[in-house]
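>
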Amino acid sequence: MYDNRCLRYFKGHKERVVSLCMSPVNDSFMSGSLDHSVRIWDLRVNACQGILRLRGRPAVAYDQQGLVFAVAMEGGAVKLFDSRSYDKGPFDTFLVGGDTAEVCDIKFSNDGKSMLLTTTSNSIYVLDAYGGEKRCGFNLDPSPTAMEATFTPDGQYVVSGSGDGNLHAWNINTLNKVSSWDSHIGVPSCLKWAPRRVMFVAASSVLTFWIPNHGGAGNAAGAQTEQVTLQ
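So the sequence shown is numbered by our numbering: it starts at 4 and just counts up by one.
#1: Let me check understanding here. Comparing Cα to Cα, which of Ser26, Ile214 and Arg19 lies closest to aspartate 85?
#2: What does the alpha-carbon distance come out to for the pair glycine 69 and proline 61?
#3: Helix, strand or coil, according to DSSP, for tyrosine 12 in the structure here?
#4: Mapping DSSP to helix, strand and coil, what is tyrosine 133?
#5: Rounded to whole angstroms, what is the Cα-Cα separation between threonine 232 and histidine 187?
#6: So what's aspartate 144 in DSSP terms, helix, strand or just coil?
#7: When you compare the CB positions of alanine 149 and valine 161, do they come within less than 7 Å of one another, or not?
#8: Compute the Euclidean distance between the alpha carbons of alanine 205 and asparagine 49, then round it to the nearest angstrom.
#9: Can you give me the C-alpha to C-alpha distance between aspartate 185 and lysine 110, rounded to a whole angstrom?
#10: Exposed or buried, what is asparagine 222 when buried is set at 16 or more other beta-carbons lying within 10 Å of its beta-carbon?
#11: If contacts are defined as beta-carbon pairs under 8 Å, then serine 163 and leucine 178 qualify, I think. What distance do you get, rounded to the angstrom?
#12: Please identify the residue among Ala75, Gln159, Arg47 and Phe141 whose C-alpha is closest to the C-alpha of glycine 135.
#13: For arginine 11, is the classification buried or exposed, using 16 other Cβ atoms within 10 angstroms of its Cβ as the cut-off for buried?
#14: Whose CA, out of Gly158, Gly78 and Ser182, lies closest to the CA of asparagine 216?
#15: Quick one: what's aspartate 95 bridged to in DSSP?
#16: Please work out which residues of its chain come closer than 7 Å, Cβ to Cβ, to glycine 219, disregarding the five sequence neighbours upstream and downstream, and give them in chain order.
#17: Figure out for me which residue from Leu23, Asp30 and Asp45 has the closest Cα to the Cα of leucine 37.
#18: Does DSSP put aspartate 38 in a helix, in a strand, or in coil?
#19: Under 8 Å Cβ to Cβ from lysine 91, same chain only, skipping five residues before and after it: list those, please.
Structural data, given as structure tokens:
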């Protein structure tokens, strides 16, 4: 990043890569592609370390301990793998019934208790990470781009952009929408939390940085601290 140059290229996929996830504990990362495969890589070497052949568009995520990774695929199936022995196949499979849309993003909460799925039909689902039961679901306004929702660091709320140009927050325990505010950047398709600060960034062609109010997510309307235009 300091020299603004590429250090290594990882070649192998035959179609566009649609999902990436870095291991939180080592130099491994996963990539999911429209060629119906997930590849496991090591940042230190160019060669692919492992391949999983799947159906449909894959979405990938590691849990916070790096011991388990999840792969969502066609038909609403979510497969869980032991990252140390993924070649033995999944040790559990969940089915998200009632939605035939493809999953475009999946992630674990920081406490490892929940999984968050965002679909190409602009729906959000929260699953129990241990049993796979659907805890709750939320619908977004239609958007021309795939949306990415996120858990708050405490795992109690979900925040997402929407096709109406607003940011929305829900409590996953009460199922209530607790906040909604203008994103100021059109349709924010991606949200990320800072690893060590109570701050998140929303992105479209512009980045906006937000800090929740001290009253908690239930009272937060967000505070725009900086706006950066992407070139």
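In this text, a Cβ means the ideal position worked out from N, Cα and C, and glycines have one as well. Owing to the predicted nature of the structure, the values given are computational and were not obtained by experimental measurement.
Considering the structure as presented:
#1: Ser26
#2: 19 Å
#3: coil
#4: coil
#5: Confidence at threonine 232 is low in this model, with a pLDDT of 48, below 50, so the placement of that residue is unreliable and no value is reported for it.
#6: coil
#7: no
#8: 32 Å
#9: 25 Å
#10: With a pLDDT of 41 at asparagine 222, under the threshold of 50, the predicted position of this residue should be treated as unreliable, and no value is reported.
#11: Incorrect: roughly 15 Å between the Cβ atoms, too far for contact.
#12: Ala75
#13: exposed
#14: Ser182
#15: Leu83
#16: Bear in mind that a pLDDT of 46 at glycine 219, under 50, signals an unreliable position, so the model cannot answer this.
#17: Leu23
#18: coil
#19: Asp85
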